[in-house]
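Trainee: Protein sequences, first through last, are from chains A and B.
Mapping of the first sequence onto numbering that gives the first Met the number 0: position 346 corresponds to residue 345, and the numbering continues sequentially without gaps.
Mapping of the second sequence onto numbering that gives the first Met the number 0: position 68 corresponds to residue 67, and the numbering continues sequentially without gaps.
The beta-carbon is built from N, C-alpha and C at its ideal position, and this holds for glycine as well.
This is the structure I want to talk about, given as structure tokens.
Protein chains: 2
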Amino acid sequence: MAPVFTFRLTHTCGEARRGEMVTAHGPVQTPAFMPVGTQGAVKGVLPRDLHEMGAEILLANTYHLSLRPGDARIARLGGLHAFSGWDRAVLTDSGGFQAFSLGDRRTIDEEGVRFRSHLDGSPHQLTPEGAADIQARLGSDIAMVLDECLAFPAERDHAAASMERTARWAARARARFLELSSGAAGEMTNPGQAQFGIVQGGVFPDLRRVSAEATVAVGFEAYAIGGLSVGEPAGQMYDVVACTAPLLPADRPRYLMGTGTPLDLVEGVARGIDLFDCVLPTRNARNGQLFTSSGRLNIKNAAFADDPAPIEEGCGCYACRHFSRAYLRHLHLAGEIGASTLNTLHNLWFYLDTMRRIREALVFGSFDRLRQDVRQVYSPRVADS
Amino acid sequence: MAPVFTFRLTHTCGEARRGEMVTAHGPVQTPAFMPVGTQGAVKGVLPRDLHEMGAEILLANTYHLSLRPGDARIARLGGLHAFSGWDRAVLTDSGGFQAFSLGDRRTIDEEGVRFRSHLDGSPHQLTPEGAADIQARLGSDIAMVLDECLAFPAERDHAAASMERTARWAARARARFLELSSGAAGEMTNPGQAQFGIVQGGVFPDLRRVSAEATVAVGFEAYAIGGLSVGEPAGQMYDVVACTAPLLPADRPRYLMGTGTPLDLVEGVARGIDLFDCVLPTRNARNGQLFTSSGRLNIKNAAFADDPAPIEEGCGCYACRHFSRAYLRHLHLAGEIGASTLNTLHNLWFYLDTMRRIREALVFGSFDRLRQDVRQVYSPRVADS
Numbered sequence: 000m001a002p003v004f005t006f007r008l009t010h011t012c013g014e015a016r017r018g019e020m021v022t023a024h025g026p027v028q029t030p031a032f033m034p035v036g037t038q039g040a041v042k043g044v045l046p047r048d049l050h051e052m053g054a055e056i057l058l059a060n061t062y063h064l065s066l067r068p069g070d071a072r073i074a075r076l077g078g079l080h081a082f083s084g085w086d087r088a089v090l091t092d093s094g095g096f097q098a099f100s101l102g103d104r105r106t107i108d109e110e111g112v113r114f115r116s117h118l119d120g121s122p123h124q125l126t127p128e129g130a131a132d133i134q135a136r137l138g139s140d141i142a143m144v145l146d147e148c149l150a151f152p153a154e155r156d157h158a159a160a161s162m163e164r165t166a167r168w169a170a171r172a173r174a175r176f177l178e179l180s181s182g183a184a185g186e187m188t189n190p191g192q193a194q195f196g197i198v199q200g201g202v203f204p205d206l207r208r209v210s211a212e213a214t215v216a217v218g219f220e221a222y223a224i225g226g227l228s229v230g231e232p233a234g235q236m237y238d239v240v241a242c243t244a245p246l247l248p249a250d251r252p253r254y255l256m257g258t259g260t261p262l263d264l265v266e267g268v269a270r271g272i273d274l275f276d277c278v279l280p281t282r283n284a285r286n287g288q289l290f291t292s293s294g295r296l297n298i299k300n301a302a303f304a305d306d307p308a309p310i311e312e313g314c315g316c317y318a319c320r321h322f323s324r325a326y327l328r329h330l331h332l333a334g335e336i337g338a339s340t341l342n343t344l345h346n347l348w349f350y351l352d353t354m355r356r357i358r359e360a361l362v363f364g365s366f367d368r369l370r371q372d373v374r375q376v377y378s379p380r381v382a383d384s
Numbered sequence: 000m001a002p003v004f005t006f007r008l009t010h011t012c013g014e015a016r017r018g019e020m021v022t023a024h025g026p027v028q029t030p031a032f033m034p035v036g037t038q039g040a041v042k043g044v045l046p047r048d049l050h051e052m053g054a055e056i057l058l059a060n061t062y063h064l065s066l067r068p069g070d071a072r073i074a075r076l077g078g079l080h081a082f083s084g085w086d087r088a089v090l091t092d093s094g095g096f097q098a099f100s101l102g103d104r105r106t107i108d109e110e111g112v113r114f115r116s117h118l119d120g121s122p123h124q125l126t127p128e129g130a131a132d133i134q135a136r137l138g139s140d141i142a143m144v145l146d147e148c149l150a151f152p153a154e155r156d157h158a159a160a161s162m163e164r165t166a167r168w169a170a171r172a173r174a175r176f177l178e179l180s181s182g183a184a185g186e187m188t189n190p191g192q193a194q195f196g197i198v199q200g201g202v203f204p205d206l207r208r209v210s211a212e213a214t215v216a217v218g219f220e221a222y223a224i225g226g227l228s229v230g231e232p233a234g235q236m237y238d239v240v241a242c243t244a245p246l247l248p249a250d251r252p253r254y255l256m257g258t259g260t261p262l263d264l265v266e267g268v269a270r271g272i273d274l275f276d277c278v279l280p281t282r283n284a285r286n287g288q289l290f291t292s293s294g295r296l297n298i299k300n301a302a303f304a305d306d307p308a309p310i311e312e313g314c315g316c317y318a319c320r321h322f323s324r325a326y327l328r329h330l331h332l333a334g335e336i337g338a339s340t341l342n343t344l345h346n347l348w349f350y351l352d353t354m355r356r357i358r359e360a361l362v363f364g365s366f367d368r369l370r371q372d373v374r375q376v377y378s379p380r381v382a383d384s
């Protein structure tokens with residue numbers, strides 16, 4: 000049987016890559032940005048809006064969904080796609096990042112993470128095997144391994160020990176995943192699902208190397224770079240990506256987790272990244288922070304009170320095609336739900352359109368120019384980084 | 000020049016009427032329900048959603064819009080249609096109802112209402128002439144006269160005095176409206192705008208008669224029945240409608256303000272009403288209260304936790320075509336914006352579809368059966384009212 004999950008590169012430009020990842024729920028043109036649907040919905044927009052803007056893959060959060068409405072319930076209702084009305088690809092994280100973020104509500108040992116739910120205080124345990132099982136029940140197209148998520152800054156010894164544990168967990172997660180996909184786990188299976196390993200190691204290049212080698216040795220459908228965008232300077236993050244990405248198999252997608260800004264997108268692509276996710280476009284939209292090709296724009300600004308122009312002239316999103324900054328400012332100040340929806344439609348369009356422009360530039364050899372354009376607008380200060 | 004605002008009846012069935020009202024922004028099939036867009040947006044949905052569900056006319060609130068973003072600002076931005084992205088008909092209320100609802104923040108005299116803004120405490124005055132001016136600046140297709148809104152219950156003497164003041168205000172409002180439309184008010188005009196008078200008189204049939212005669216004597220493009228759905232029993236409300244509607248010109252639309260439930264729609268139509276507005280479908284949607292042809296449904300109910308069925312089988316709304324009760328319950332409990340949007344899409348669809356079915360029944364002579372169906376589901380207790 001042909002593998003359900005495939006990836007092929009069509010163009011390269013230095014380290015940057017243009018490709019196509021095929022999942023059980025259709026193809027994803029890469030480099031790609033994944034809008035975040037934490038609780039089984041991208042906040043503020045509907046699946047038809049995501050179709051309209053060309054989204055091919057979403058990220059959903061295992062931690063939230065497993066607690067509410069529950070992974071067993073979602074399985075009974077036909078899995079995450081049927082449940083959420085999203086018929087294209089879905090990647091689920093392992094739930095680890097949220098569990099680790101619970102601070103004194105969680106304890107970590109070799110077995111996994113024990114934590115108390117933020118909803119009702121009920122006790123839960125997340126293990127490498129359990130995270131694989133939950134994601135099998137959710138029925139995502141791509142499951143992530145449980146990794147230990149290190150806070151920044153971390154001492155080298157701490158980072159090394161954590162990275163080694165992540166490597167041991169990776170082997171356990173993969174073993175369970177293969178049990179599930181081989182049918183050896185009884186009724187519980189994960190048909191068509193792929194599993195991505197995660198490289199850790201903080202900001203230490205040698206630890207990143209060890210982690211990459213250990214993770215690749217376990218063997219996954221693809222690999223992610225985790226533990227970044229957690230407070231380190233952007234330049235340092237780019238350096239870690241630059242030294243880690245080449246250690247990962249060239250014929251497999253590379254996913255930079257939880258990142259980033261428009262600048263992060265072009266800088267990540269320039270260093271060989273194929274997949275991104277971030278709450279920035281959706282969260283900022285709800286706060287009235289809009290992205291444009293000439294920079295950020297705060298819709299609350301009094302300067303927009305009488306401004307008949309759209310957020311961005313020439314933008315193809317529904318908000319820009321029909322509404323003025325003056326109207327969007329009014330809706331935001333009035334606390335209207337429509338403000339969140341229209342701002343989110345715009346910001347996600349901007350992110351997905353940026354990825355389209357990146358992919359096109361990679362095909363036509365103009366990526367460096369596009370990268371410079373974005374650097375000029377989104378962070379002149381790191382233009383030399 | 001042919002009048003911009005026209006109305007013609009195409010079918011009648013007892014007191015019930017099927018017709019078409021033509022406004023400066025297109026035709027409205029009647030009987031019609033007007034979704035409420037208080038602040039220039041129907042909460043939870045976008046103009047394209049309203050197009051999809053067949054809405055032909057919206058109601059917007061003059062009180063809210065005149066305070067924020069301000070009627071002068073909306074005029075500068077091209078009027079309410081251009082500002083809000085809604086290209087079909089808009090009716091604006093006079094702002095009186097909200098101003099009167101401010102309690103001890105307002106005082107009333109013969110001149111009009113003085114009140115302090117709920118937003119910043121700033122002082123304002125609303126007069127019959129001023130309300131006409133504000134609505135001219137908003138550029139709505141239908142403007143309402145300023146009326147005195149009586150609380151329920153009211154003594155007869157109080158109701159009589161109030162009704163008489165409303166009649167005096169009606170004459171002032173009409174005089175100003177005609178100044179505006181004749182060009183006698185200088186730069187300020189209201190091209191294409193129609194103005195509706197409002198019949199008051201509380202629950203007293205003889206006062207309603209006096210009010211109807213006085214309002215019709217002033218002469219408006221159409222007439223509304225105000226001061227109902229303010230706490231009186233539904234049966235009493237229906238009785239007032241039944242005695243008032245026949246006093247209004249048969250060749251003009253009749254608008255029952257701020258009403259109502261699904262039962263109110265059929266009972267109002269049965270008594271000769273052509274236009275309705277109410278926040279019920281939109282407000283209830285945000286609270287998880289859904290309307291179906293077999294009754295109300297509270298999406299929070301635990302019984303729906305594993306329910307794969309749509310809100311209503313066979314409903315054509317986007318929510319019912321793509322999502323289960325289980326998913327909608329999850330979104331509501333999770334506090335997702337999408338819950339408000341999907342629930343509002345459904346409730347407004349239900350209301351507009353009910354009006355479609357009423358119009359069809361009036362054409363095919365089956366209105367009595369439809370009315371009985373709705374009475375059985377929505378209030379068996381008042382089936383004998």
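Roughly how many angstroms lie between the CA atoms of A59 (chain B) and A142 (chain B), to the nearest whole one?
Mentor: To locate residue 59 (chain B), count along the second sequence from 1; it is residue 60. To locate residue 142 (chain B), count along the second sequence from 1; it is residue 143. For A59 (chain B) and A142 (chain B), the distance between alpha carbons rounds to 10 Å.
Trainee: Please state if the CB of P261 (chain A) and the CB of L347 (chain A) are separated by a distance shorter than 9 Å.
Mentor: Within the first sequence, residue 347 (chain A) is the residue found at index 348, counting from 1. Within the first sequence, residue 261 (chain A) is the residue found at index 262, counting from 1. Not a contact, by the Cβ cut-off of 9 Å.
Trainee: Which ranges does the alpha helix (DSSP H) cover as unbroken runs of at least 4 residues, wholly within the region 217-282 of chain B, from first to last along the chain?
Mentor: Runs of the alpha helix (DSSP H) inside the region 217-282 of chain B: 233-243 and 261-269.
Trainee: Hey, could you find the ends of the beta strand (DSSP E) H386 (chain B) is sitting in?
Mentor: Here chain B has residues from 0 to 384 only, and residue 386 (chain B) is not among them.
Trainee: Can you list, in chain order, the residues of the region 63-94 of chain B whose Cβ is nearer than 7 Å to any Cβ on chain A?
Mentor: Those residues of the region 63-94 of chain B placed with their C-beta closer than 7 Å to a C-beta in chain A are R67, P68, R72, R75, L76, F82, S83 and G84, ordered along the chain.
Trainee: Give the range of the alpha helix (DSSP H) segment to which F363 (chain A) is assigned.
Mentor: Residue mapping note: residue 363 (chain A) aligns to position 364 of the first sequence, counting from 1. F363 (chain A) -> alpha helix (DSSP H) spans I336 to F363.
Trainee: My assumption, with CB atoms under 8 Å, is that G94 (chain A) sits in contact with A130 (chain A). Please give the rounded CB distance.
Mentor: As a working note, residue 94 (chain A) is residue 95 in the first sequence. As a working note, residue 130 (chain A) is residue 131 in the first sequence. Between A130 (chain A) and G94 (chain A) the Cβ distance is about 6 Å, and since that is below 8 Å, they are a contact.
Trainee: Report the three-state DSSP secondary structure of E109 (chain A) (helix, strand or coil).
Mentor: In the first sequence, residue 109 (chain A) corresponds to position 110, counting from 1. It is coil, neither helix nor strand.
Trainee: With 16 as the cutoff for other CB atoms within 10 Å, does Q199 (chain B) come out buried or exposed?
Mentor: The count along the second sequence starts at 1 and reaches residue 199 (chain B) at position 200. Buried is the call here.
Trainee: Among residues of its own chain, excluding the 5 on either side of S378 (chain A), which ones have a beta-carbon nearer than 6 Å to its beta-carbon?
Mentor: Here residue 378 (chain A) is taken as the residue at index 379 of the first sequence, counted from 1. Excluding positions up to five away in sequence, the list reads L262.
Trainee: Straight-line CA distance for I133 (chain A) to A184 (chain A)?
Mentor: Counting from one through the first sequence, the residue named residue 133 (chain A) turns up at place 134. Counting from one through the first sequence, the residue named residue 184 (chain A) turns up at place 185. Those two C-alpha atoms are separated by around 13 Å.
Trainee: At what residue ranges does the region 81-109 of chain B contain a whole run of the beta strand (DSSP E), taking only runs of 3 or more?
Mentor: List check, beta strand (DSSP E) in window: 88-91 and 105-107.
Trainee: What separation, rounded to the nearest whole angstrom, lies between the Cα atoms of A153 (chain B) and L118 (chain B)?
Mentor: Translated into the one-based positions of the second sequence, residue 153 (chain B) becomes position 154. Translated into the one-based positions of the second sequence, residue 118 (chain B) becomes position 119. The straight-line gap from Cα to Cα measures roughly 29 Å.
Trainee: Whole angstroms are fine: how far does the CA of E51 (chain A) sit from the CA of R173 (chain B)?
Mentor: Within the second sequence, numbered from 1, the residue matching residue 173 (chain B) stands at position 174. Within the first sequence, numbered from 1, the residue matching residue 51 (chain A) stands at position 52. One C-alpha to the other measures close to 47 Å.
Trainee: Express the C-alpha separation of G259 (chain B) and A233 (chain B) in angstroms, rounding to a whole number.
Mentor: The count along the second sequence starts at 1 and reaches residue 233 (chain B) at position 234. The count along the second sequence starts at 1 and reaches residue 259 (chain B) at position 260. Note on geometry: alpha-carbon atoms of A233 (chain B) and G259 (chain B) lie some 10 Å from one another.
Trainee: For N297 (chain A), which option in A:A338, A:M354 and A:Y222 has the closest C-alpha, if you only look at C-alpha atoms?
Mentor: Residue mapping note: residue 297 (chain A) aligns to position 298 of the first sequence, counting from 1. For the residues A:A338, A:M354 and A:Y222, the minimum Cα distance to N297 (chain A) belongs to A:A338.
Trainee: For V198 (chain B), name the three-state secondary structure that DSSP assigns.
Mentor: Here the question's residue 198 (chain B) lines up with position 199 in the second sequence. Strand at V198 (chain B).
Trainee: Tell me the rounded alpha-carbon separation between P292 (chain A) and Y350 (chain A).
Mentor: Taking the first sequence and counting its residues from 1, the one referred to as residue 292 (chain A) is at position 293. Taking the first sequence and counting its residues from 1, the one referred to as residue 350 (chain A) is at position 351. For clarity, residue 292 (chain A) is Ser in the given sequence; the question names Pro instead. Each residue's alpha carbon lies about 10 Å from the other.
Trainee: Given 8 Å as the limit, is there contact between the region 271-291 of chain B and the region 15-34 of chain B, that is, 3 or more CB pairs closer than that?
Mentor: Cβ pair count under 8 Å is three or more, so yes.
Trainee: Are Y317 (chain A) and L344 (chain A) touching if we call contact CB-CB under 9 Å?
Mentor: Within the first sequence, numbered from 1, the residue matching residue 317 (chain A) stands at position 318. Within the first sequence, numbered from 1, the residue matching residue 344 (chain A) stands at position 345. Against a cut-off of 9 Å, the Cβ pair of L344 (chain A) and Y317 (chain A) comes out as a contact.
Trainee: Assess contact between the region 41-48 of chain A and the region 298-316 of chain A, defined as three or more Cβ pairs (one per stretch) separated by less than 8 Å. Is contact present?
Mentor: no
Trainee: Note down the Cα distance separating T29 (chain B) from G196 (chain B), rounded to an integer number of angstroms.
Mentor: Residue numbering aside, residue 29 (chain B) sits at position 30 when the second sequence is read from its first letter. Residue numbering aside, residue 196 (chain B) sits at position 197 when the second sequence is read from its first letter. Computed Cα separation, rounded: 18 Å.
Trainee: Using 8 Å as the cut-off, can you tell me whether the region 352-363 of chain A makes contact with the region 299-307 of chain A, which would need three or more C-beta pairs spanning the two stretches below that distance?
Mentor: no
Trainee: Report the residue from B:L330, B:M256 and B:A269 whose alpha carbon sits nearest the alpha carbon of F366 (chain B).
Mentor: As a working note, residue 366 (chain B) is residue 367 in the second sequence. Here the closest residue by C-alpha is B:A269.
Trainee: My output table needs one value for I141 (chain A): the three-state DSSP class, helix, strand or coil.
Mentor: In the first sequence, counting from the first residue as 1, residue 141 (chain A) sits at position 142. In this structure, I141 (chain A) counts as strand in the three-state DSSP scheme.
Trainee: Can you list, in chain order, the stretches of the beta strand (DSSP E) that have 3 or more residues and sit fully within the region 14-74 of chain A?
Mentor: 15-22, 25-29, 31-33 and 56-59
Trainee: I need the boundaries of the alpha helix (DSSP H) containing T165 (chain A), first residue and last residue.
Mentor: Locating residue 165 (chain A) in the first sequence gives position 166, where the first residue counts as 1. Start and end: R155 to S181.
Trainee: Since I believe S100 (chain B) is in contact with L66 (chain B) (beta carbons under 8 Å), could you give me their beta-carbon distance rounded to a whole number of angstroms?
Mentor: For this step, residue 66 (chain B) is matched to residue 67 along the second sequence. For this step, residue 100 (chain B) is matched to residue 101 along the second sequence. Between L66 (chain B) and S100 (chain B) the beta-carbon gap is near 14 Å, outside 8 Å, which marks them as no contact.
Trainee: What does the alpha-carbon distance come out to for the pair F96 (chain B) and D108 (chain B)?
Mentor: Translated into positions along the second sequence, residue 96 (chain B) becomes position 97. Translated into positions along the second sequence, residue 108 (chain B) becomes position 109. Taking the straight line joining both Cα atoms gives about 15 Å.
Trainee: Are G78 (chain B) and G138 (chain B) touching if we call contact CB-CB under 9 Å?
Mentor: Counting from 1 along the second sequence, the entry for residue 78 (chain B) is found at position 79. Counting from 1 along the second sequence, the entry for residue 138 (chain B) is found at position 139. Yes.
Trainee: Does the beta carbon of V278 (chain B) sit closer than 9 Å to a beta carbon anywhere in chain A?
Mentor: If you number the second sequence from 1, residue 278 (chain B) lands on position 279. Answer no: the Cβ-Cβ gap between V278 (chain B) and chain A never drops below 9 Å.
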